[in-house]
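Everything in the sequence shown is counted per our numbering, starting at 147 for the first residue and increasing by one.
Where a beta carbon is used, it is the ideal one built from N, C-alpha and C, also for glycine.
Everything numeric in this text was worked out from a predicted model, so none of it was measured.
Single-structure report; data block below.
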Amino acid sequence: MKKIAVVLILCLMGGLSVFGNGKEEAGSSKGSVEVNPAGTFPIVDDKVTLTFFARKNSQVEDLETNEFTRYYEEKTNIHINWELAPENAYHEKKKLSIVSGDYPDVFFGTNMNESEQLQYGVNDGVFIPLNDLIDKYGVEIKKMFDEVDYIKPSITAPDGHIYGLPQVNECYHCMFSQKLWINRFWLENLGLDMPTTTDEFYEVLKAFKEKDPNGNGIADEIPLSGAVDNWHTNIDGFIMNAFTYNNSEGFTFSPTDARLMVDAKGKVWAPYVTEEWRDGLRYLNKLYREGLVDPSAMTQQQTELQTLGEHPDVQILGAVASGWFGVFTSLEGENMKAYAALPPLKGPKGFQASAYYPYSFTHGEFVITDACENPAAALRYADDLYSLDNALRYIEAGRPGVEWRDAEPGELDLEGKQAKWARLETTYKYNEIQNVHYYQMGPSWRSANYRRSWSYDQDMYSSNGYETRLFVQSQTYEPFAPPWNFIYPKVFPIPEYVDETSQLVTEVNDYLNETIARFISGDMDVEQDWDKYLTEMESVGLSRLIELKQMAYDAQYGG
């Protein structure tokens, strides 16, 4: 509030209006610190302090003392005061901060979605437009816009302004991340081939249950499991794509488009009110009735799933829904080696698809507020985070010569070509707490070429070859992906319907996720309760949601 008061006093002293919508193009008369030309360092000659609101990152020890924080302050001459909120409460905390009026200079790594940018940017003027600042200072940002052509239009609000900068991560295996992992050792033990159809998958799960594939003489095998709180750990995700498209994020990772698709004529539609969806539920319920699905899969957390995947005496998991095997096994040890990605299954009517996530970015990872007295300095601070140097230093790798080095001749990348960089033994491993970088938090740009150019162990079942396995096995999913423009894109909702759209997405997703679990378990009967389900889906507002999503889609794509 003190900062806001100072801004008001300065504006009044300068004869400027302090009323209106607060959407003055940033970088004009705010602040008194001179910013050095774009691309030169330090950013300011006289040290500036900015306040950043961010979430606590479970894999970062302390942002205040982090090695990158210290390095970047020395490079930029900008000091950051961090206001940190717990990971499980930061959405609520950031909204409370805005509503109270006591908000920071910058919201950092908080994923301000389209609706929030419309509300607090377009409508309220709390977030300032960044267009002029990007034009003047955005050296690295403009490089990214040129190379990834869908980013700029995707982050531009309906009023033509950009209010939030993205994190762009062109992760190949993430684009085909709705996977199901199957125990290849069990297939070998039982003399079974990798299943290719839903019928063959059913027979494999039965064999896992009945034929003692782990060889301990005890019926302790769990044919198929998942969880409700992690990346694609919902068991309907992968399997339903043998019946109809199912671009799901999971029970609690619900996407903002409510699993909607777009057909070849640009019409928005929902797969989960079709007869094909009903067929998929019939199949999943059959698996459940016959004891082939772990009943805990609809309620358990990822930590419980990992307990099953890392069973101390013998492997007990046959197949697992997950974006990657690190969710349910440790990257150190033998269990990790047991699992191979199951290629997309062909359903009884010949349908065969994989989910596809072509829009490789998150919204609003860096948002400057109207409380910031030095928005040009803040924008320049964000801009260099998109550089290649900082892709290496800050987002997930670390210091050159300490956590990584240039690759040596003969070290190969994901495509089997000469690599550019190699990680050192000092590199922190997945799920380890470290204090060197920000671990995938904040604005950044990791291009497809960047990601592929690291040196990787070419043995994809070694403890250091997991990226190779993810890359290679994702290639079996790509041929079955729908065209990119069949996926409902990340577009801003119609401004006057922001609240209604957000509420409908929540209600539709909540009802959908609830009923998926109930239909699978038999708590709802897919024969007797289907019409009731369709009626209730209308009651919670599916048709209205599709209408609003169609309006937003047409506004951006000229339908």
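* Just checking, does the segment 607–614 make contact with the segment 469–478 on the three C-beta pairs under 8 Å criterion? -> yes
* Asked: Just checking, does the segment 208–226 make contact with the segment 578–591 on the three C-beta pairs under 8 Å criterion?
  -> yes
* Asked: With 16 other CB atoms within 10 Å as the buried threshold, where does F397 fall?
  -> Position 251 of the sequence shown holds residue 397. Reliability fails at F397, whose pLDDT of 45 lies under 50, so the model's placement of it is uncertain and the value that follows must be treated cautiously. Buried, since its Cβ has 16 or more Cβ neighbours within 10 Å.
* Asked: In three-state DSSP terms, what is E693?
  -> As a position in the sequence shown, residue 693 is number 547, starting the count at 1. Note: E693 maps to helix in three-state DSSP.
* Asked: Does the distance from the C-beta atom of A736 to that of G267 stay below 8 Å?
  -> The structure shown does not extend to residue 736, since the chain is modelled only from 147 through 705, so no value can be given for it.
* **Sequence ranges, alpha helix (DSSP H) only - wholly within the segment 598–648, length at least 4** => 612–620
* **Reduced DSSP secondary structure (H/G/I, E/B, other) of H509** => The residue labelled residue 509 in the question sits at position 363 within the sequence shown. H509: strand per DSSP, three-state reduction.
* Asked: Given a threshold of 16 other Cβ atoms within 10 Å of its Cβ, counted over all protein chains shown, does H319 qualify as buried or as exposed?
  -> One-based indexing of the sequence shown puts residue 319 at position 173. Per the 10 Å Cβ criterion, buried.
* What's the C-alpha gap between R690 and A467? -> Position 544 of the sequence shown holds residue 690. Position 321 of the sequence shown holds residue 467. Their backbone Cα atoms lie some 32 Å apart in a straight line.
* Quick one: residues in its chain with C-beta nearer than 6 Å to the C-beta of R330, no 5 flanking neighbours on either side, listed in chain order? => The sequence position of residue 330 within the sequence shown is 184, counting from 1. Excluding residues within five positions, the ones whose Cβ falls inside 6 Å are A486.
* **Straight-line Cα distance separating E450 from H457** => Indexing the sequence shown from 1 puts residue 457 at position 311. Indexing the sequence shown from 1 puts residue 450 at position 304. Cα to Cα, H457 sits roughly 11 Å from E450.
* Would you tell me roughly how many angstroms separate the C-alpha atoms of I692 and E684, rounded to the nearest one? => Sequence index remark: in the sequence shown, residue 692 carries index 546 (1-based). Sequence index remark: in the sequence shown, residue 684 carries index 538 (1-based). If you take the alpha carbons of I692 and E684, they lie about 11 Å apart.
* Run of the alpha helix (DSSP H) containing Y434, from where it starts to where it stops -> Your numbering for residue 434 matches position 288 in the sequence shown. E421 to R435 is the extent of the alpha helix (DSSP H) around Y434.
* **Endpoints, the beta strand (DSSP E) within which S590 is located** => If you number the sequence shown from 1, residue 590 lands on position 444. S590 to R592 is the extent of the beta strand (DSSP E) around S590.
* Asked: Just to confirm, are I301 and M290 a CB contact at a threshold of 8 Å?
  -> Here residue 301 corresponds to residue number 155 of the sequence shown, with the count starting at 1. Here residue 290 corresponds to residue number 144 of the sequence shown, with the count starting at 1. In this structure, M290 does not lie closer than 8 Å to I301 by Cβ.
* Please name the residue in T445, I364, D305 and H225 whose C-alpha comes closest to that of E660. => Here residue 660 corresponds to residue number 514 of the sequence shown, with the count starting at 1. Closest option to E660, Cα to Cα, is T445.
* Asked: Of the residues V686, N655 and V672, which one's Cα is nearest the Cα of R405?
  -> What you label residue 405 is simply residue 259 of the sequence shown in a count that begins at 1. Selected option, being the one with the closest Cα: N655.
* Would you list the one or two residues that DSSP bridges to S371? => Counted from its first residue, the sequence shown places residue 371 at position 225. The partner list for S371 (beta bridge, DSSP) reads V466.
* **Nearest-angstrom Cα separation, counted from G687 out to Q696** => The residue you call residue 696 lines up with position 550 of the sequence shown. The residue you call residue 687 lines up with position 541 of the sequence shown. Spanning the two alpha carbons is a distance of roughly 14 Å.
* Asked: Less than 8 Å separating the beta-carbons of Y505 and K636?
  -> The sequence position of residue 505 within the sequence shown is 359, counting from 1. The sequence position of residue 636 within the sequence shown is 490, counting from 1. It is a contact, given that the beta carbons lie within the stated cut-off.
* Asked: If you draw a straight line from the C-alpha of Q498 to the C-alpha of W377, how long is it?
  -> The residue labelled residue 498 in the question sits at position 352 within the sequence shown. The residue labelled residue 377 in the question sits at position 231 within the sequence shown. The alpha-carbon atoms of Q498 and W377 are separated by roughly 22 Å.
* To do: Compute the beta-carbon to beta-carbon distance between P589 and P183, rounded to the nearest angstrom, for a pair I have assumed lies under 8 Å.
  => Here residue 589 is taken as the residue at index 443 of the sequence shown, counted from 1. Here residue 183 is taken as the residue at index 37 of the sequence shown, counted from 1. So it is not a contact: roughly 21 Å between Cβ atoms.
* **Beta-carbon proximity of G464 to L351, cut-off 8 Å** => Counting from one through the sequence shown, the residue named residue 464 turns up at place 318. Counting from one through the sequence shown, the residue named residue 351 turns up at place 205. Cβ atoms of G464 and L351: closer than 8 Å.
* Could you tell me if F187 is buried or exposed, where buried requires 16 or more neighbouring beta carbons within 10 angstroms of its beta carbon? => For the purposes of this step, residue 187 is identified with residue 41 of the sequence shown, where counting begins at 1. It counts as exposed.
* **Sequence ranges, beta strand (DSSP E) only - wholly within the segment 235–267, length at least 3** => 252–254
* To do: Assign N509 to buried or exposed, taking buried as 16 or more other Cβ atoms, counted over all protein chains shown, within 10 Å of its Cβ.
  => Locating residue 509 in the sequence shown gives position 363, where the first residue counts as 1. Residue identity differs from the one stated: residue 509 is His in this sequence, not Asn. It is buried - the Cβ of H509 has at least 16 other Cβ atoms within 10 Å.
* **Nearest-angstrom Cα separation, counted from G337 out to I514** => Your numbering for residue 514 matches position 368 in the sequence shown. Your numbering for residue 337 matches position 191 in the sequence shown. When rounded, the distance between both Cα atoms is 59 Å.
* Asked: If you check the beta carbons only, do D559 and S599 fall under 8 Å apart?
  -> If you number the sequence shown from 1, residue 559 lands on position 413. If you number the sequence shown from 1, residue 599 lands on position 453. Yes, these two residues count as a Cβ contact at 8 Å.
* Exposed or buried, which one is E511 when buried takes at least 16 other CB atoms within 10 Å? -> Within the sequence shown, numbered from 1, the residue matching residue 511 stands at position 365. Buried.
* Could you say which of D675, W228 and Y634 lies nearest to T256 if we only look at CA atoms? => Position 110 of the sequence shown, counted from the first residue, corresponds to residue 256. Comparing Cα-Cα distances from T256 to each of D675, W228 and Y634, the minimum goes to W228.
* What distance in whole Å lies between the Cβ atoms of N631 and V408, which are believed to be in contact at a cut-off of 8 Å? -> Within the sequence shown, the letter at position 262 stands for residue 408. Within the sequence shown, the letter at position 485 stands for residue 631. With a Cβ gap of about 7 Å, V408 and N631 count as contacting.
* Candidates A698, S667, L525 and A568: closest to F254 by CA position -> Counting from one through the sequence shown, the residue named residue 254 turns up at place 108. Taking only the C-alpha atoms, the option nearest F254 is L525.
* Asked: Hey, how far is the Cα of P490 from the Cα of S323?
  -> Along the sequence shown, read from residue 1 onward, the residue named residue 490 stands at position 344. Along the sequence shown, read from residue 1 onward, the residue named residue 323 stands at position 177. For P490 and S323, the distance between alpha carbons rounds to 12 Å.
* **N- and C-terminal bounds of the beta strand (DSSP E) containing E229** => If you number the sequence shown from 1, residue 229 lands on position 83. Residues I224 to A231.
* Roughly how many whole angstroms lie between the Cα atoms of L209 and Y218? -> The sequence position of residue 209 within the sequence shown is 63, counting from 1. The sequence position of residue 218 within the sequence shown is 72, counting from 1. Approximately 12 Å between the Cα atoms of the pair.
* Asked: Which residues in the same chain have their Cβ closer than 7 Å to the Cβ of E421, if we skip the five residues on either side of it in sequence?
  -> Position 275 of the sequence shown, counted from the start, is the residue given in the question as residue 421. Cβ within range, chain order: n/a, list empty.
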